[in-house]
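*Asks:*
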Amino acid sequence: MKKKIFLFFLLAFVSCEPIIETMEETRDTEYYSKINAVAAPSKDTILVMSWNIRFGCGSQILWFGDACGGRSILTRNEVITNLDRIIEAINQIHPDVLLIQEIDIKSKRVAYIDQMKYIIDRTYFGWGVYATDWNIQFIPSDGIGRINTGNAIFSVWPITEG
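Taking my numbering, I'd label the letters of the sequence shown as residues 121 to 282.
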């Protein structure tokens with residue numbers, strides 16, 4: 121019986137993904153664009169906006185570590201409400217180029233909403249590029265689970281390299 125238990129735990133341990141997350145030389149980059157996007161005309165002056173959206177958590181989650189306080193995961197409705205507020209501000213300011221920090225795709229803490237797609241679908245931007253800053257398959261603490269967070273560029277002109 122002890123051998124069976126030992127073998128069970130040995131197989132379970134060996135079959136797990138590596139405990140240590142390794143960093144590659146290059147990071148994942150994903151390009152987004154609207155179907156039939158048309159580039160804006162050239163301008164002499166452009167408006168560039170930079171915004172750390174804190175994964176769209178709004179005021180529901182306290183700042184430190186983005187997982188402090190009573191909770192660390194947002195509901196789908198909270199994420200959508202916060203993203204809609206962000207989109208409203210973006211559309212009101214109307215920058216030509218938008219730089220966003222702490223935007224999530226495929227993350228449990230934002231109900232697996234692809235925030236890049238959500239924003240590009242609801243704004244006037246034709247192009248976007250996402251670069252992963254932190255992609256981890258599972259964080260056991262506080263049920264956070266999977267996180268894929270990074271930085272983004274949205275533009276009214278085509279983005280050919282990111």
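Glycine included, each C-beta is placed from N, C-alpha and C at the ideal position. Just so we're clear, the structure is a prediction, and the values are computed from it rather than from any experiment.
(1) Could you give the uninterrupted runs of the beta strand (DSSP E) lying entirely in the segment 176-254, keeping only those of 3 residues or more?
(2) Check Ile-125 in the structure and name its three-state DSSP category.
(3) Which residue wins for smallest C-alpha separation from Gly-270, given the options Lys-124, Ile-223, Leu-203?
(4) Look at the alpha carbon of Ile-233 and the alpha carbon of Glu-198, and state the distance between them as a whole number of angstroms.
(5) Could you check how far apart the C-beta atoms of Val-276 and Tyr-238 are, in whole angstroms? I think they sit under 8 Å.
(6) In terms of alpha-carbon separation, which member of Ile-193, Met-121, Lys-124, Arg-205 lies closest to Ile-259?
(7) Measure the Cβ-Cβ separation of Val-217 and Val-168 and say whether it is below 7 Å.
(8) May I have the straight-line CA-CA distance separating Gly-282 from Ser-227, to the nearest angstrom?
(9) Could you check whether Thr-149 and Ala-251 sit closer than 7 Å to each other, using their CB atoms as the reference points?
(10) Which value, in whole angstroms, describes the spacing of the CA atoms of Gly-263 and Val-230?
(11) Using the C-alpha atoms, what's the distance from Tyr-151 back to Leu-219?
(12) For Met-236, does the count of other Cβ atoms within 10 angstroms reach 16, so buried, or fall short, so exposed?
(13) Mind checking who Gly-270 pairs with in its DSSP beta bridge?
(14) Per DSSP, what kind of secondary structure is Gly-265 in: helix, strand or coil?
*Replies:* To lay it out plainly:
(1) 217-224
(2) helix
(3) Ile-223
(4) 11 Å
(5) Between Tyr-238 and Val-276 the Cβ distance is about 18 Å, and since that is not below 8 Å, they are no contact.
(6) Ile-193
(7) yes
(8) 21 Å
(9) yes
(10) 12 Å
(11) 14 Å
(12) buried
(13) Ile-223, Thr-252
(14) strand
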